[in-house]
Amino acid sequence: MNYELDQISEELTEAISESFENLFFADIEQCVSVNEIETEEEALIVSVDTIAPFKGKVGLIIDKEMSEEIVMEMVGGDFDLIDKEMIADALSEIGNTIVGRFLSKIVPEDEEFSLGFPECIKWNPNDYNYKSSENCKLFDLELEDKHVFCVLNKD
C-alpha cells in the first residue's frame with residue numbers, strides 16, 4: 003500500500019485527539035498545518051518510529067509546563083513528587099498509544115504493523131530542521147491556551 007502523507011495526516015490528528023481525550027481529558031480545539039515549528043518554550047519531544055508497513059516517524063513537541071500538567075492528570079498525586087523520569091515515561095506512553103492508534107487506522111486489518119520504542123528527550127530546535135514538505139507534515143494542535151506540535155515524517 004502507498005502511504006501518502008496528505009492522505010493519512012487526518013488519521014494521525016484523529017489518533018492524537020482521541021488519545022488526549024481518553025488519557026488526560028484534554029480537547030484539541032484546533033489543528034492547523036504549519037510550515038515550521040515555532041516555539042520559544044522549554045519543551046520535550048517524544049518520537050516513535052513507524053517500522054512496517056508505513057516507514058516513518060511521529061513526533062510530539064510538548065512544552066515542559068504542559069508535560070507536567072499531563073502527568074498530574076494521568077497519575078494524580080502531589081506535584082512535588084513528579085520527576086523528569088515520570089514525565090518522560092508518561093509522554094513515551096502517550097506517544098506509543100498515539101502511534102498505535104494511528105497505524106491501526108491506516109494499515110488494513112489483514113496486515114500487521116510494527117513500531118519502535120518511544121524516545122522522550124529535551125526539545126532543541128537546533129537539533130531538528132523540520133520543514134513541511136512532501137515527506138514531512140507539521141501540525142500545531144491548540145488546547146486552550148497551549149500548543150502541541152506534531153511531526154509526521156515519511157522515510
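Numbering (my numbering), first residue to last: 3 to 157.
Here a beta-carbon is modelled for each residue, glycine too, at the ideal position from N, C-alpha and C.
> Among residues of its own chain, excluding the 5 on either side of residue 157, which ones have a beta-carbon nearer than 6 Å to its beta-carbon?
Replying inline: The residue labelled residue 157 in the question sits at position 155 within the sequence shown. Result list for residue 157: 57 and 58, in chain order.
>> Taking 8 Å as the threshold (C-beta atoms), are residue 89 and residue 69 in contact?
In response: Counting from one through the sequence shown, the residue named residue 69 turns up at place 67. Counting from one through the sequence shown, the residue named residue 89 turns up at place 87. Yes, they are a contact pair.
>> Let's test the definition: count the other Cβ atoms within 10 Å of the Cβ of residue 34 and tell me whether it reaches 16, buried, or not, exposed.
In response: If you number the sequence shown from 1, residue 34 lands on position 32. It is exposed - the Cβ of residue 34 has fewer than 16 other Cβ atoms within 10 Å.
> Using the C-alpha atoms, what's the distance from residue 16 back to residue 148?
Replying inline: Within the sequence shown, residue 148 is the residue found at index 146, counting from 1. Within the sequence shown, residue 16 is the residue found at index 14, counting from 1. Approximately 18 Å between the Cα atoms of the pair.
>> Quick check: the region 23-33 against the region 108-115, are at least 3 beta-carbon pairs closer than 8 Å?
In response: no
> Does the region 137-153 come close enough to the region 75-94 to have 3 or more Cβ pairs within less than 8 Å?
Replying inline: no
> Relative to the C-alpha of residue 112, which residue among 96, 55 and 14 is closest?
Replying inline: As a position in the sequence shown, residue 112 is number 110, starting the count at 1. Comparing Cα-Cα distances from residue 112 to each of 96, 55 and 14, the minimum goes to 55.
> Since residue 36 contacts residue 49 with CB under 8 Å, what's their CB separation in whole angstroms?
Replying inline: Residue 36 sits at position 34 when you count from the first residue of the sequence shown. Residue 49 sits at position 47 when you count from the first residue of the sequence shown. Not quite, the Cβ-Cβ distance comes to about 18 Å (not below 8 Å), so this is no contact.
> By how many angstroms is the C-alpha of residue 13 removed from the C-alpha of residue 97?
Replying inline: On the sequence shown, residue 97 is found 95 positions in, with the first residue counted as 1. On the sequence shown, residue 13 is found 11 positions in, with the first residue counted as 1. Each residue's alpha carbon lies about 15 Å from the other.
> Which ranges would you report for the beta strand (DSSP E) in the region 114-156 if only whole runs of at least 3 residues count?
Replying inline: 121-124, 138-145 and 148-156
>> How far does the beta strand (DSSP E) with residue 46 in it extend, from its first residue to its last?
In response: The count along the sequence shown starts at 1 and reaches residue 46 at position 44. Residues 45-54.
> Considering only C-alpha positions, which residue in the set 115, 73, 32 and 63 is nearest to residue 121?
Replying inline: The residue given as residue 121 occupies position 119 in the sequence shown. Taking only the C-alpha atoms, the option nearest residue 121 is 63.
> Nearest to residue 87 by CA position, among 100, 66 and 18, is which residue?
Replying inline: Translated into the one-based positions of the sequence shown, residue 87 becomes position 85. Taking only the C-alpha atoms, the option nearest residue 87 is 66.
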